[in-house]
Every structure is written in structure tokens, then in C-alpha cells.
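Student: Would you mind keeping the following structure in view while I ask a few things?
Protein chains in written order, with this note's numbering: chain A, 1 to 291; chain B, 1 to 262.
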């Protein structure tokens, strides 16, 4: 990472040079404060998502995960801090809940074209990619939670996004469906080389395809690779010993290698978190576990 | 065969439903029928203020409806009262204020029943051209507004991330509603205009697989209601505005029964 993070108190989107936030960065949120009705929801939070990187936000309900994602998307204006987005950044967004209304007739294919693209061949390709080849003519009201989530993902992919923001994509989906969906997200990242910001309150399986985990409790508790975060005392304090220990890191074979000491490490170590404020404990732990 | 006023009424009515029906679909989808009713209820006050200021009454209706819309949205944001309470207060207080204000206009004779329930006899050739002009104008704007408005209706945040200026689209939609209320007022009156927006849309729902199909179906239902209502009014000597709404309701009832048996 070149340069250093520049401390600024600016609410407006910056046209800052890439060197200020790191090469390959798609979005960078720095020192952001968000208040709702006098309640501090985000307290000096920072986050960077880079090209080809999957960043997972975890935290309990009310920990500010969705607010942080909405800040990244530009839907929430922070009280102070800095939000930087790569110029002309194309974002695909899959929100937490879409409750289709039966009063509004809407086929899956019409839903997909709401974003603007109309080429039927491309629609079919994208539906194939998310594993939903036969839903085009079905009403979205009749889709199951998992099917709808995949159709929403297809709409986001139609935009050829450089950044995907997925808010709780796993809620209402059974465990085998979750594993499949995480795998799909990993594949999409590999195929499109896009950055992914993933939100979850699920502790299980969260970290399967993740490069960096940010544990949020209105402030950043800890961050780093999944292995680092699971080992972090702050993580256990937040989720309690029982839950914290129950977290399973399911990695697929091609996703990791083993170090000489037998520890699990990602294939691409250069992608690891090295420059974010507040993560020093995590990074230090990573050094130990790797050596 | 028919009197001129029936022809003018049918043409004007068709012009109104051509935009009122698709706009009505959005009113139904966005659950804004009470909001629409509030805009319509304020129309009398708009008429009164316009007459006091020597303006065209329809312009007064549109301007006041837009002001109402902005006030409702602003007060909703501050969450002082629940939206339905707020809308109820504004709807009925502006209706009462409007009637009181009209009473102060000593030298103007106002056909109150005509404003409340419509008066097809009052539509002259000039009025017809005005109604059709506004219908075509709002129709063209709605055509271009369609995709962003639909996207924002399905999910405002996705639309915003995809570059739709959601607030601006919502504002233009409200202005279109106000314009349709202003011209529809002539035909069916302020108390019934919202029914001309939502009943055809509701009747068309059962037969549509896409939003566009529902809008086209709503226009057809609205057109049949206008022609049927005007003819019924002519032959049965019933008030034309309410007759149109009764026909639309009958079509809705039939569609409802068909849905049950299907």
C-alpha cells in the first residue's frame, strides 16, 4: 500500500487520488461518524474494499453494519469523516430485504431489466450464472427467499459492477443453500475481478470465501483475515465464548495453503490487511500465526 | 344522435383516464391513495385562492396540490404524527378551508356540487382542449418517467445505487398526480377523482403479468368506464361523474369474482 491515509473531516465525496487510499482501492471510508436521532451508530469507522477482494462485515443486530454499507453506497451522509469512491465506480447492490408486493405484477425478467439492460441473451447468461436459468417468466412474488436473492444478485451483475455490496445475503436460506451461495459469491469475484462487501450476522460459514473480516460494534472491534479475527480476544468478547468458539471456517481446497507451521493462510498474502487503523492487534496476531 | 356535451365528456374522459389509469397503478403500488385523496381534497382551496388572485382555477389546484405534497413529505420526515393522521388532518382541513374561502367570494357564483362531483355540462370546447392538452403533456412526461419511477417503486435504494434521482422522480410524480387531479376534477369532481385512478388499476391487476400490462389494462378499464358511464348518464339521466365511477366499480367487482373462480 502506497502513501498513507490522509485524515480529513469532509462529508463530500472526494475526488482524491488513488495514492491516498491505496492502489486498487474501490471505496474507502475513513473516520466516519454517523448519528441517527442523537444516537451514535458509527463511531469513527474506517473500511477499504479493493479490486478482487471480499470484505465481510460481521456484528450483532444494531452494530451499524447496514449503516456502514449504506454509507459506502452513498445512501447515508455521514456527520463527519471521509467517503472516497473510485471515479465512476459502478456498484451492484443487493439489499437485505426485498419484500415483493403481490399488488405489483413483476416477472423476474422485467425485474432484471429495471436496471436498464434489455438484451435477452445477456439476461439468460446472467440467470445461468446465478444458477436460476428457468425463472425469467416467473412472478417474483412466487420466488422463495433464496431464489429471490439470486435474482437480485443477477440484477446487480447485469451492471458489470466493479463493486458488489451484499447485505445479509444468507438470511432465510438453509445451511446448504448458504454454502452454495458463498461459493457462488467467491466464483463471481474470481470471474469478474470485482470487489465484494458482504454483510452478515451469521457467524457460521461467514468466512468461507472472505479475504478480510471486519467485526463491527458501532466501532471497529477487530479486523483481519478470518483466522486472525477468530483468534482475536475482542471477537470473543463481542460474541461470547460459546458462539465465538463455534465459528467454523469452511474453506474450499483451492482457497488456502498451509504454512510450514501447519496454519491456514490465504493463497495471496499480498491481499492481507496491512494498513488500516485499529487493526494493529489483528495484524500482529496474523504475523504470529503465520510464522 | 348524441348531444355535443356527451361527445365532449367522452373525449375529455378518455383523455383523463389515459394518464389517470397508469398514474393510478403507481398510486396503488406505492400505497398512496390517501395521499392522492388529500391532494384532491385541497383542490377546492386551490380554486378559491386562484379566484382571489385572479388566476386560472386549474393552475391554483396544481400549485396548492404540490405545496400539500411537499408539506406532507416534510412532516412525515419529522415523524411528529403517523402519516395517515397527518394526511387526514390536511385533507379535511383544506377541504373545509376551501369551502369557507369560497363563501367569502361574494361576487363569484360557485357550483360547489360541480367541483365536488364533476359537471360534464360545464366542459366547453376550450375546456376540452385544455384537458386533452394536459393529458397529452402529462402522458409524455410519464412515458419518460416510467422506468426510473417503477425502479424506485420496487426498491428505492437499488434504484438510487443504479443512478436514479429518487427524490426528483418522486417529486415529478407528485406534480403529475396534481395535474391529473386538476383536469379530472372537471369530469368526476374532487371527491371521486382518486377512484378513477385506483379502481381501474385494481381491476386490471388480476389479468396482468407485468407492470406495463397492468397499466394498459387499467387504461382499457378506465376507457370502458368513461364511455359506459357517460352513456348511462345520458340514457338514465344520472350524474355523469358518479356514473363513470359506478361502472368502473362494477368492472372491478366482476374482475374480483373472476379471480375467485379462477
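Virtual Cβ for every residue (Gly too), placed ideally from N, Cα, C.
Tell me the residue span of the beta strand (DSSP E) that contains residue 43 of chain A.
Tutor: Note, residue 43 of chain A: beta strand (DSSP E), 39 to 50.
Student: Would you tell me roughly how many angstroms separate the C-alpha atoms of residue 255 of chain B and residue 26 of chain B, rounded to the nearest one?
Tutor: Going from the Cα of residue 255 of chain B to the Cα of residue 26 of chain B covers about 19 Å.
Student: Where does residue 128 of chain A fall in DSSP's three states?
Tutor: Reduced to three states, the DSSP call for residue 128 of chain A is helix.
Student: Inspect the beta-carbon positions of residue 45 of chain A and residue 76 of chain A and report whether they are closer than 8 Å.
Tutor: No, they are not a contact pair.
Student: Alpha helix (DSSP H) containing residue 178 of chain A: first to last residue?
Tutor: Start and end: 175 to 192.
Student: State whether the region 16 to 31 of chain B contacts the region 208 to 218 of chain B, with contact taken as three or more CB pairs (one from each stretch) at a distance under 8 Å.
Tutor: Contact between the region 16 to 31 of chain B and the region 208 to 218 of chain B is present, because at least three Cβ pairs lie under 8 Å.
Student: Say whether chain A places a C-beta atom closer than 8 Å to the C-beta of residue 205 of chain B.
Tutor: It does: the Cβ of residue 205 of chain B has a partner Cβ on chain A nearer than 8 Å.
Student: Quick one: is residue 188 of chain A near chain B, going by C-beta distance under 8 Å?
Tutor: False, the Cβ-Cβ gap to chain B never drops below 8 Å.
Student: When the Cα atoms are used, what is the spatial distance from residue 16 of chain B to residue 77 of chain B?
Tutor: Looking at the two C-alpha atoms, the distance is approximately 32 Å.
Student: So if I threshold CB-CB distances at 8 Å, which residues from the region 101 to 124 of chain A count as touching chain B?
Tutor: The residues in question are 101, 103, 104, 105, 106, 107, 110, 111, 114, 115 and 116.
Student: Give a yes or no on whether the C-beta atoms belonging to residue 186 of chain A and residue 209 of chain A are separated by under 8 Å.
Tutor: Cβ atoms of residue 186 of chain A and residue 209 of chain A: closer than 8 Å.
Student: Between the Cα of residue 244 of chain B and those of B:253, B:222 and B:94, spot the shortest distance and give me the residue it belongs to.
Tutor: It is B:222 whose Cα lies nearest to the Cα of residue 244 of chain B.
Student: For a minimum of 4 consecutive residues, which ranges assigned as the alpha helix (DSSP H) are wholly contained in the region 189 to 232 of chain B?
Tutor: Correct list: 193 to 205.
Student: By alpha-carbon positions, which one of B:141, B:198 and B:224 ends up nearest to residue 31 of chain B?
Tutor: The residue with the shortest Cα to Cα distance from residue 31 of chain B is B:198.
Student: Starting from the Cα of residue 51 of chain A, find the closest Cα among A:79, A:91 and A:107 and give me that residue.
Tutor: Residue A:91 is the option with its Cα nearest to residue 51 of chain A.
Student: Of the residues A:42, A:26 and A:188, which one's Cα is nearest the Cα of residue 156 of chain A?
Tutor: Taking only the C-alpha atoms, the option nearest residue 156 of chain A is A:188.
Student: Got a sec, what are the start and stop residues for the beta strand (DSSP E) residue 215 of chain A sits in?
Tutor: From DSSP, the beta strand (DSSP E) with residue 215 of chain A extends over 212 to 216.
Student: Should the region 55 to 68 of chain B be called in touch with the region 177 to 188 of chain B, which here means at least 3 C-beta pairs below 8 Å?
Tutor: With a cut-off of 8 Å, the region 177 to 188 of chain B and the region 55 to 68 of chain B count as touching, because enough Cβ pairs lie within range.
Student: Have a look at residue 7 of chain B and residue 191 of chain B and give me their C-alpha separation to the nearest angstrom.
Tutor: Rounded to the nearest angstrom, the two C-alpha atoms are 23 Å apart.
Student: Taking the alpha-carbon positions, what's the residue 2 of chain A to residue 25 of chain A distance?
Tutor: Note that residue 2 of chain A scores a pLDDT of 34, beneath 50, so its modelled location is shaky; the value from the coordinates is reported in the next line. Cα-Cα distance, rounded: 11 Å.
Student: Looking at the C-beta of residue 182 of chain A, does it have a partner C-beta in chain B at a distance below 8 Å?
Tutor: No, residue 182 of chain A does not count as interfacial toward chain B.
Student: If you compare alpha carbons, which of B:180, B:47, B:162 and B:145 is closest to residue 169 of chain B?
Tutor: Ranking the options by Cα distance to residue 169 of chain B, first place goes to B:145.
Student: Should residue 158 of chain B be flagged as near chain A, meaning a C-beta pair shorter than 8 Å?
Tutor: Judged by the 8 Å Cβ criterion, residue 158 of chain B is in contact with chain A.
Student: Please state the DSSP three-state secondary structure of residue 30 of chain A.
Tutor: DSSP places residue 30 of chain A in strand when its eight states are reduced to three.
Student: So, are the CB atoms of residue 167 of chain A and residue 66 of chain A less than 8 Å apart?
Tutor: Result yes, Cβ atoms of residue 167 of chain A and residue 66 of chain A sit closer than 8 Å.
Student: Consider the Cβ of residue 170 of chain B: report whether some Cβ of chain A lies at a distance smaller than 8 Å.
Tutor: It does not; no Cβ of chain A falls within 8 Å.
Student: Roughly how many angstroms separate the alpha carbons of residue 107 of chain A and residue 101 of chain A, rounded to a whole number?
Tutor: For residue 107 of chain A and residue 101 of chain A, the distance between alpha carbons rounds to 12 Å.
Student: Excluding the five sequence neighbours on either side, which residues of its own chain have a C-beta within less than 6 Å of the C-beta of residue 247 of chain B, listed in chain order?
Tutor: These residues qualify, in order along the chain: 225, 228 and 229.
Student: May I ask which residues mark the beginning and end of the beta strand (DSSP E) holding residue 167 of chain A?
Tutor: Element bounds for residue 167 of chain A: 163 to 167.
Student: Measuring only the C-alpha atoms, how far is residue 92 of chain B from residue 101 of chain B?
Tutor: Cα to Cα, residue 92 of chain B sits roughly 14 Å from residue 101 of chain B.
Student: Leaving out five residues on either side along the sequence, give the residues of the same chain with a beta carbon under 6 Å from the beta carbon of residue 96 of chain A.
Tutor: 167 and 168.
Student: Considering only residues of the same chain and omitting the five flanking positions on each side of residue 115 of chain B, which have a CB-CB separation below 8 Å?
Tutor: The residues are 43, 44, 47, 185, 189 and 190.
Student: Using a C-beta cutoff of 8 Å, does residue 29 of chain A count as contacting chain B?
Tutor: False, the Cβ-Cβ gap to chain B never drops below 8 Å.
Student: Looking at chain A, is there any beta carbon in it that lies within less than 8 Å of the beta carbon of residue 165 of chain B?
Tutor: So no, residue 165 of chain B is outside the interface.
Student: For residue 123 of chain B, which residues from the same chain have a beta carbon less than 8 Å from its beta carbon, with the 5 sequence-adjacent residues on both sides left out?
Tutor: The answer, listed in chain order, is 5, 8, 9, 12, 131, 186 and 187.
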